[in-house]
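Comments concern the structure below.
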Amino acid sequence: MSPHGSVQARARAARAARTSVFSNVALTVIKLGAGLITGSVSVLSEALHSGLDLAAAVMAFMAVRKAREPADGEHNFGHGKYESMSGLAEGALILVAVGLIVWGAIGRLLAGHAEVRQPLLGVAVMAISAVVNVFVSRMLFRVAKDTQSLALEADAWHLSTDVWTSVGVFAGMAVISVGVRLGFAEVHNVDPIVAIAIAIVITRAALGITRRSYDHLVDRSLPQAEVEKIESLLMQHYPEFSGFHRLRTRQAGPERYIDLHLEVPGEKSVAESHALCDHLEDDLQALIRGAQVLIHVEPRRGDV
Numbered sequence: 000m001s002p003h004g005s006v007q008a009r010a011r012a013a014r015a016a017r018t019s020v021f022s023n024v025a026l027t028v029i030k031l032g033a034g035l036i037t038g039s040v041s042v043l044s045e046a047l048h049s050g051l052d053l054a055a056a057v058m059a060f061m062a063v064r065k066a067r068e069p070a071d072g073e074h075n076f077g078h079g080k081y082e083s084m085s086g087l088a089e090g091a092l093i094l095v096a097v098g099l100i101v102w103g104a105i106g107r108l109l110a111g112h113a114e115v116r117q118p119l120l121g122v123a124v125m126a127i128s129a130v131v132n133v134f135v136s137r138m139l140f141r142v143a144k145d146t147q148s149l150a151l152e153a154d155a156w157h158l159s160t161d162v163w164t165s166v167g168v169f170a171g172m173a174v175i176s177v178g179v180r181l182g183f184a185e186v187h188n189v190d191p192i193v194a195i196a197i198a199i200v201i202t203r204a205a206l207g208i209t210r211r212s213y214d215h216l217v218d219r220s221l222p223q224a225e226v227e228k229i230e231s232l233l234m235q236h237y238p239e240f241s242g243f244h245r246l247r248t249r250q251a252g253p254e255r256y257i258d259l260h261l262e263v264p265g266e267k268s269v270a271e272s273h274a275l276c277d278h279l280e281d282d283l284q285a286l287i288r289g290a291q292v293l294i295h296v297e298p299r300r301g302d303v
C-alpha cells in the first residue's frame, strides 16, 4: 500500500469509527430513557448493550488511530497490535454485559410478575435502533474490509449483533403489547426471556471476537486458505529458483507479515537474486493486500 493510500485508509477508518461513536451515543440515551419509562429489563439490557458498544466504538476509534501510526524506534514492526488488544478488550466487555443481562433477567423471572409499561414505546425505540445499526454496521464492515481493520470489524460485529437483539426486543415488546390488550398477565414474562436470548446471541459474538484478537496477539499464522495461496504462488515461480522453506506468517491488526527462506542456484548473481526477491514481494503483496514480505536468500543445497 502506498504512503498516500495508507493516509487515505487511516482517514477513512477514523471517520467510520467516529460515526460509530456518535450513533452509539444517541442509541444508548434513547434506549436508557425507554427502559426507565417502560420498566423493561430487555430494553434496559439493550441500553447496556449499546453502552458497551459505545465503549467499544471509542476503543476502536483510539486503536485505529494508534494502529495506523508508522513504525518507530520503539515499535519496529508498527502498532498493529493495538487493534488486536482493542478487539480483545471489546470481547471482554461484551461478556460483562452478558453477565449483567442474565443476572437482571433471572432476577425478574424469580420475582414473578413485573409489568412492562408502555410497551409500544419499546417497539418504536427498538425499530429505530435496528434501522440505524443496519446502516452503520454495513458501513463499518465495508471500511474494515477495505482497510484491513480488526478493530472496525469487531465494532461492526457488535452493531450487527445489536440489530438482531433489537429485533428480538421489538418482537417481545410487540407480543407484550398484544397480550396486555387481550388480558394475559403472564405475557410480561416474555420480557426477561427475550433478555436471556439476547445474552446468548451476544456471547457467541464475543467469543468469536476474543478468539480472533487472541490469535493476532500470540502471532498465530494466517488462515490456512491464505497460506495455501502463498505456497501456490511460490510454486508457480519454481523455474526461477530451487525451493523455499521456513515459510512463516502472522497478522497484527491490519498488517500481515510473510517471511521465508528462498533457495537459488549458486551461479545466480546477487543482482539476479535481488531482482527475483523484488518480483516475488510484489506478487505476494498483490495476493495478500497489506502484507509485509521478508525473503532470505540462500544458495541451493549442494551448491555450498
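The sequence shown lines up with residues 0 to 303 when you count with numbering that gives the first Met the number 0. Note that beta-carbon positions come from the ideal geometry of N, C-alpha and C, so glycine has one too.
### Task
Less than 8 Å between the CB atoms is what I'm expecting for Ile175 and Val186, so what's the real figure, rounded?
The sequence position of residue 175 within the sequence shown is 176, counting from 1. The sequence position of residue 186 within the sequence shown is 187, counting from 1. The Cβ separation is near 5 Å, so the contact holds.
### Query
Does the distance from the C-beta atom of Ala320 to that of Ser165 stay below 8 Å?
The structure shown does not extend to residue 320, since the chain is modelled only from 0 through 303, so no value can be given for it.
#### Entry: Backbone CA spacing between Arg107 and Pro191 [nearest angstrom]
Taking the sequence shown and counting its residues from 1, one reaches residue 107 at position 108. Taking the sequence shown and counting its residues from 1, one reaches residue 191 at position 192. If I take the Cα positions, the gap works out to 6 Å.
### Query
Per DSSP, Ile294 is paired with what?
Here residue 294 refers to the residue found at position 295 when the sequence shown is read from its first residue. The partner list for Ile294 (beta bridge, DSSP) reads Leu259.
### Simplified DSSP assignment, three categories, for Glu114
The count along the sequence shown starts at 1 and reaches residue 114 at position 115. The answer is coil: DSSP assigns Glu114 none of H, G, I, E or B.
### Task
Closer than 6 Å by C-beta to Arg313: which residues in its own chain qualify, once you throw out the five before and the five after it? Chain order, please.
Outside the modelled stretch of the chain, which goes from 0 to 303, sits residue 313, for which no answer is possible.
### Task
Would you tell me roughly how many angstroms separate the C-alpha atoms of Cys276 and Gln250, rounded to the nearest one?
Along the sequence shown, read from residue 1 onward, the residue named residue 276 stands at position 277. Along the sequence shown, read from residue 1 onward, the residue named residue 250 stands at position 251. Distance between the alpha carbons of Cys276 and Gln250: 21 Å.
### Message
Contact defined as beta carbons within less than 8 Å: I believe Ile229 pairs with Leu283. What is the distance between those atoms, to the nearest angstrom?
### Response
Reading the sequence shown from its first residue, position 230 is the one you call residue 229. Reading the sequence shown from its first residue, position 284 is the one you call residue 283. About 7 Å; that satisfies the 8 Å criterion.
### Query
Mapping DSSP to helix, strand and coil, what is Arg249?
Within the sequence shown, numbered from 1, the residue matching residue 249 stands at position 250. Strand, per DSSP.
#### Entry: Buried/exposed call for Arg81, threshold 16 Cβ in 10 Å
Here residue 81 corresponds to residue number 82 of the sequence shown, with the count starting at 1. Checking the sequence shown, residue 81 turns out to be Tyr, not Arg. Label assigned to Tyr81: buried.
### Query
With 16 as the cutoff for other CB atoms within 10 Å, does Pro147 come out buried or exposed?
The count along the sequence shown starts at 1 and reaches residue 147 at position 148. In the sequence under discussion, the amino acid at residue 147 is Gln, which differs from the Pro named in the question. Residue burial annotation: Gln147 is buried, with at least 16 other C-beta atoms found within 10 angstroms of its C-beta.
### Query
Using CA coordinates, which residue listed in Met58, Ala59, Val296, Asp281 is at the minimum distance from Ala270?
Position 271 of the sequence shown, counted from the start, is the residue given in the question as residue 270. Of the listed residues, the one whose Cα sits closest to Ala270 is Val296.
### Task
Compute the Euclidean distance between the alpha carbons of His3 and Leu139, then round it to the nearest angstrom.
Numbered from its first residue, the sequence shown carries residue 3 at position 4. Numbered from its first residue, the sequence shown carries residue 139 at position 140. Unreliable placement is indicated for His3, whose pLDDT of 41 sits below 50; the coordinate value is still reported in the next sentence. Taking the straight line from one Cα to the other gives about 21 Å.
### Message
Once the 5 residues before and after Phe169 are set aside, which same chain residues still bring their CB inside 7 Å of it?
### Response
Residue numbering aside, residue 169 sits at position 170 when the sequence shown is read from its first letter. Closer than 7 Å at Cβ, skipping near neighbours: Val122, Met125, Ala126, Ala129.
### Query
Ordered along the chain, which non-local residues of its own chain (more than five positions away) have a Cβ less than 7 Å from that of Arg299?
Here residue 299 corresponds to residue number 300 of the sequence shown, with the count starting at 1. Listed in chain order, the non-local C-beta contacts of Arg299 below 7 Å within the same chain comprise Ser241, Glu262, Val263, Pro264, Gly265, local neighbours out to five positions each way being set aside.
### Message
Taking 6 Å as the limit between beta carbons, can you name the residues of its chain near Gly178, skipping five residues before and five after?
### Response
For this step, residue 178 is matched to residue 179 along the sequence shown. Only Val186 meet the Cβ criterion.
### Task
Kindly indicate which residue of Gly90, Ser22, Ile100, Ala274 has the alpha-carbon position closest to the one of Val42.
What you label residue 42 is simply residue 43 of the sequence shown in a count that begins at 1. If we check each option's Cα against that of Val42, Ile100 comes out closest.
### Task
Could you round the C-beta distance between Val116 and Thr37 to whole angstroms and report it? I think they count as a contact, below 8 Å.
Residue 116 sits at position 117 when you count from the first residue of the sequence shown. Residue 37 sits at position 38 when you count from the first residue of the sequence shown. In the sequence under discussion, the amino acid at residue 116 is Arg, which differs from the Val named in the question. Indeed, because the Cβ distance is near 5 Å, the residues count as touching under 8 Å.
### Query
Rounded to a whole number of angstroms, what is the C-alpha to C-alpha distance between Leu216 and Gly86?
Residue mapping note: residue 216 aligns to position 217 of the sequence shown, counting from 1. Residue mapping note: residue 86 aligns to position 87 of the sequence shown, counting from 1. Here the C-alpha atom of Leu216 lies approximately 10 Å from the C-alpha atom of Gly86.
### Touch test, the stretch 44–51 against the stretch 8–16, Cβ-Cβ under 8 Å, three pairs minimum
Counting Cβ pairs under 8 Å, fewer than three are found: no touch.
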